[in-house]
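J.: In my numbering, the protein residues as written are 89 to 276. C-beta: ideal position from N, C-alpha, C; glycine also. Sharing a structure here in structure tokens format.
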Amino acid sequence: DEERENKCQKLTLNQPFLGIVPFVFCFYLVSVFPTFNNNDFPETIAAAKTLGIGHPPGYPFYSMLGKTFTLLQLGGPGINLNIMAAFLAALAVAAAYLIFLFLFPGAGAASAAFTAALSLAPAFFNAALDAKGGVYSLNVIFLAATLALSASLARKFRGRDLYLLSFTAGLSLAHHWQSMAVIAPAAI
């Protein structure tokens with residue numbers, strides 16, 4: 089168990105991890121929609137641009153994060169939020185990579201294969217291309233962070249991990265509370 093703890097502590101920003109985010113982000117970036125798709129993501133763009141409220145649950149955290157991307161002036165609000173969705177998807181893939189390594193230390197090749205499969209999975213890939221899909225990528229990031237912190241607390245209690253878990257859980261509930269109800273058992 090101590091050997092596993094030492095391997096988990098070495099899961100800092102290693103070379104494969106540092107390469108995942110830029111590579112996957114560039115891969116998604118060349119595929120993003122230039123304006124908007126035919127779902128409800130024009131509403132998502134408008135809510136982020138104006139800091140308005142979308143349909144329930146409204147995605148308040150995502151709207152505030154999206155507002156920062158609309159201020160970057162990389163193009164219109166549509167392309168800016170599509171770029172944000174691609175960036176969040178790349179971060180979600182990297183988070184999944186780290187979770188896999190955390191759960192299975194020393195399984196670098198399997199983790200890379202898992203990460204590649206996730207990044208190319210049709211549902212995940214399509215979500216990475218438009219503003220509405222960024223909502224789901226952000227869910228994956230919050231879920232991965234919650235799982236990692238819960239597992240860390242289960243192995244060894246540290247006050248900072250509990251505070252960080254509480255903060256992450258709070259942010260995730262401010263994002264999309266229904267889908268993040270899965271974190272409720274972590275509180276027990």
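Using the C-alpha atoms, what's the distance from residue 164 back to residue 135?
T.: 14 Å
J.: Use the C-beta contact count for residue 280: other C-beta atoms within 10 angstroms, 16 or more gives buried, fewer gives exposed.
T.: Residue 280 is absent from the structure shown; the chain starts at 89 and stops at 276.
J.: Going by other Cβ atoms of all chains shown within 10 Å of its Cβ, with 16 needed for buried, is residue 170 buried or exposed?
T.: buried
J.: Output the distance between the C-alpha atoms of residue 166 and residue 198, rounded to the nearest integer angstrom.
T.: 36 Å
J.: Rounded to the nearest angstrom, what separates residue 248 and residue 195 at their Cα positions?
T.: If you take the alpha carbons of residue 248 and residue 195, they lie about 27 Å apart.
J.: Determine the DSSP secondary structure at residue 150, reduced to helix, strand or coil.
T.: helix
J.: Could you spell out the range, first to last residue, of the alpha helix (DSSP H) harbouring residue 120?
T.: Judged by DSSP secondary structure, residue 120 falls outside any alpha helix (DSSP H); it is assigned neither H nor E.
J.: Keeping to the same chain, check which residues put their C-beta closer than 6 Å to that of residue 177; ignore five residues upstream and five downstream.
T.: 116, 216, 225
J.: With a 10 Å radius around its C-beta and 16 neighbouring C-beta atoms as the bar for buried, classify residue 133 as buried or exposed.
T.: buried
J.: Express the C-alpha separation of residue 240 and residue 121 in angstroms, rounding to a whole number.
T.: 38 Å
J.: For residue 137, which of helix, strand or coil comes out of DSSP?
T.: Here residue 137 carries a helix assignment [DSSP, helix/strand/coil].
J.: Where in the segment 208 to 244 do unbroken runs of the alpha helix (DSSP H), each at least 4 residues long, occur, reported from the N-terminal end onward?
T.: 210 to 215, 221 to 243
J.: Do you know offhand how far residue 257's Cα is from residue 218's?
T.: 25 Å
J.: Please classify residue 273: does DSSP put it in a helix, a strand, or coil?
T.: helix
J.: Using only the alpha-carbon positions, how far apart do residue 179 and residue 168 sit?
T.: Rounded to whole angstroms, residue 179 and residue 168 show a C-alpha spacing of 17 Å.
J.: Considering Cα atoms alone, identify which of 131, 253, 207 is closest to residue 175.
T.: It is 207 whose Cα lies nearest to the Cα of residue 175.
J.: With distances taken Cα to Cα, identify the nearest neighbour of residue 118 among 128, 152, 214, 107.
T.: 214
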